[in-house]
Amino acid sequence: MLATLMLLALVLVAGVFVYNYVMHQGVVVNGGAGVSIGSAQITSEPGGRGYLSVTIINTGGVRISSATVSVYSQGNLIYQTSCGPIPAGGSATATGTIPSGISNGAQYMIIVSATSNQGTATASQEVVAV
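For what it's worth, our numbering labels the leading residue of the sequence shown as 22, then goes sequentially.
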């Protein structure tokens, strides 16, 4: 009985590890596109506004024609911006002012979706507004 419980706990821990690894890496969905988030920050400003800065790294072997950065709060899309093109192996920084909904210390999900002529790729990262 104890061995079964230990095995179940080990499988659960391994599953959490794999999930976290996949969520923090650029996930290639199709073709030669690849993307990761080098850094991401949301700085809260007075009145609920926020300043967004996301460094996008092209980890694939093809040029990214455009990258869309989406910011979610509790599952709701609150801001979206885009940048590009990004050469293979290169990086770009997407910035913007989020007009409302930002609170210091709150958690936000940033999802980058990159498109190339050979497919799309996504990456995500959770950030806490400072």
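No residue lacks a Cβ here, since even glycine has one placed at the ideal position from N, Cα and C.
For residue i, which of helix, strand or coil comes out of DSSP?
| i | result |
| --- | --- |
| residue 59 | strand |
| residue 68 | helix |
| residue 48 | Caution is warranted here: a pLDDT of 46 is assigned to residue 48, below 50, making its placement in the model unreliable, and no coordinate value can be reported. |
| residue 117 | strand |
Please determine, among the options, the residue with the shortest C-alpha to C-alpha distance to residue i.
| i | options | result |
| --- | --- | --- |
| residue 58 | 151, 80, 65 and 68 | 80 |
| residue 118 | 78, 102 and 141 | 102 |
| residue 130 | 54, 124 and 94 | 94 |
| residue 104 | 65, 136 and 69 | 136 |
| residue 116 | 141, 142, 92 and 85 | 92 |
| residue 75 | 62, 96 and 85 | 62 |
| residue 123 | 66, 143 and 56 | 66 |
| residue 149 | 110, 85, 73 and 97 | 73 |
| residue 142 | 88, 22 and 96 | 88 |
| residue 109 | 96, 99 and 139 | 139 |
Along the chain, where does the beta strand (DSSP E) that runs through residue i open and close?
| i | result |
| --- | --- |
| residue 122 | No beta strand (DSSP E) contains residue 122, which DSSP labels as neither H nor E. |
| residue 132 | 128-137 |
| residue 102 | 97-104 |
| residue 143 | 140-149 |
| residue 89 | 85-94 |
Assuming residue i and residue j are in contact, meaning their beta carbons sit under 8 Å apart, how far apart are those beta carbons, in whole angstroms?
| i | j | result |
| --- | --- | --- |
| residue 113 | residue 83 | The Cβ separation is near 15 Å, so there is no contact. |
| residue 132 | residue 121 | No, residue 132 and residue 121 are not in contact; Cβ-Cβ is about 19 Å, not under 8 Å. |
Under the criterion of a Cβ to heavy atom distance below 7 Å, does residue i qualify as lining the ligand SAM?
| i | result |
| --- | --- |
| residue 108 | Absence of the ligand SAM from the depicted structure is noted, as is the absence of any ligand whatsoever, leaving it without description. |
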